[in-house]
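So the sequence shown is numbered by this note's numbering: it starts at 142 and just counts up by one.
Ideal Cβ positions, reconstructed from N, Cα and C, are used throughout, including at glycine.
Here the structure is laid out as C-alpha cells; the discussion comes afterwards.
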Amino acid sequence: MRLKPFLLTGMALAAALFNAPEAFAYGGGSSSSKRCSEPKFYDEVPAKDSVVKSLAEVAIVASDDTDMSTLELDVDGQKLKPEMTQQRSGAWLLRAKLPQALTRVGKVRIALVAKSNNGCSGYYPYFLEIRP
C-alpha cells in the first residue's frame, strides 16, 4: 500500500513540529540571546475599566526597570508630563494633572509608552469611562 509511507512521514513531521517549541522553552535555544524585559505598569488610579464622573488627574506605578527618560503618557489624546517619584521599592509613582478636567461622557484612553533599562519597549493602554 502506498499510503503507509506518506502517513508515517506525516506523523514524524507532526511530532517534530509539536516537540520543537518545547525544546526551546527549556533552554535549547541560543544561549547568546539577550533577555528582554518590558517595563510594567500597575496600580492605576482611577482603576482600569472604572466609571468616573470626571477625570482631572491620573496616577500609576511604573516598574523599577523603566527608563524614565523614555516615558510618554497620553490621556485622551493629550500628552502629559507626569510628576515622577521613586518609591523605596525602586518603582516609580507617576502622577499627572490634566489642564482641564474631562467631563465628556464616553470612553477615555490612557496610554503609556516607555523602554526598560535594557532597551525593551513597552506599551500599556487602558480605558476608563466617564458617566454622569
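{"Check": "Does the beta carbon of K248 fall short of 6 Å from some heavy atom of the ligand GDP?", "Outcome": "Looking for the ligand GDP in the displayed structure turns up nothing, as the structure carries no ligands at all."}
{"Check": "Three or more C-beta pairs under 8 Å: does that hold for the region 224-234 against the region 261-268?", "Outcome": "no"}
{"Check": "Can you tell me whether P273 is buried or exposed? The criterion is at least 16 other CB atoms within 10 Å of its CB, across all chains shown.", "Outcome": "exposed"}
{"Check": "Contact check, D190 vs F268 under 8 Å by CB: the rounded distance?", "Outcome": "6 Å"}
{"Check": "Just curious, the beta strand (DSSP E) that K220 is in, first and last residue?", "Outcome": "Q219 to L221"}
{"Check": "Taking just the CA atoms, how far does K256 sit from E179?", "Outcome": "7 Å"}
{"Check": "Rounded to whole angstroms, what is the Cα-Cα separation between L253 and E213?", "Outcome": "6 Å"}
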